[in-house]
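In this text, residue positions in the sequence shown follow the working numbering: the first is 59, and each later residue adds one.
We treat Cβ as the ideally placed atom computed from N, Cα and C, and that holds for glycine.
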Amino acid sequence: MSCVTVRVQADTFDATHETALLLRRRDDVGGVGAFTGIVRGGGGLVALELEHYPGMTESMMRQIAESACTRFGLTGCTVIHRVGRLEVGMPIVLVLCAAAHRKAALEGTEFMMDWLKTSAPFWKREEFSNGRSEWVQPRAQDDAATARWGTLGT
59 MSCVTVRVQA DTFDATHETA LLLRRRDDVG GVGAFTGIVR GGGGLVALEL EHYPGMTESM
119 MRQIAESACT RFGLTGCTVI HRVGRLEVGM PIVLVLCAAA HRKAALEGTE FMMDWLKTSA
179 PFWKREEFSN GRSEWVQPRA QDDAATARWG TLGT
C-alpha cells in the first residue's frame, strides 16, 4: 500500500477532512506538515485559469510525493491540486506530509511544494481586471529553490 494520495480536481478541498483521512488508523505519526496555497491577488489580478495534462500530471505528482516519502521517511502524504478558473483568495493546492517527527513532516512539505512548482505539468494563465490575460512564466527563484534538493530521486 502506497503512503501517497494524489488528486487533481476542479472542486475545492477541506484540509481538516483530508488531514483526518491521512491520520485514520495511524499511531505512528508525531506531526503533519501542511501547506495550503491560495490564489494571491495584486496588480489587478482577479483569477488564475489552470490547465493540466491528465495522466501525466498525476504521474509526476505521485513521483514527487513518493520521493518525499522515501527521502524523509514520511508515513503518509496527500497532495491535491486544483484546476480550472480560480478567483483570488481561493485555495489552489494542498500538501500534507505525515511523519513520526515534525522536522521530517515540515521538510517533506517544503520539498513537495518546491518540486510541484517547477516540475508538475500545470499551465497557469492570469486574468486581470482590465481584461488582459497572460501565461505565467517559470521563475528563476523557483528553480533555485528546487535545485537545493538535488535530484528528485535522491
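- According to the DSSP assignment, residue 74 belongs to the alpha helix (DSSP H) that extends over 73–81.
- Counting only runs of 3+ residues, the beta strand (DSSP E) found wholly inside the stretch 182–209 occupies 191–193, in chain order.
- Linking residue 71 to residue 87 through their CA atoms gives a straight-line distance of about 22 Å.
- Proximity to residue 127 across 204, 200, 193 and 170 peaks at 170, based on C-alpha coordinates.
- DSSP places residue 163 in the uninterrupted alpha helix (DSSP H) bounded by 160–177.
- Excluding sequence positions up to five before and after residue 125, its CB lies within less than 7 Å of the CB of 210 and 211, all in the same chain and listed in chain order.
- Looking only at 145, 150 and 159, the smallest Cα-Cα distance to residue 138 is reached by 150.
- Secondary structure of residue 70 (DSSP, three-state): coil.
- Remark: C-beta atoms of residue 142 and residue 108 approach each other more closely than 8 Å.
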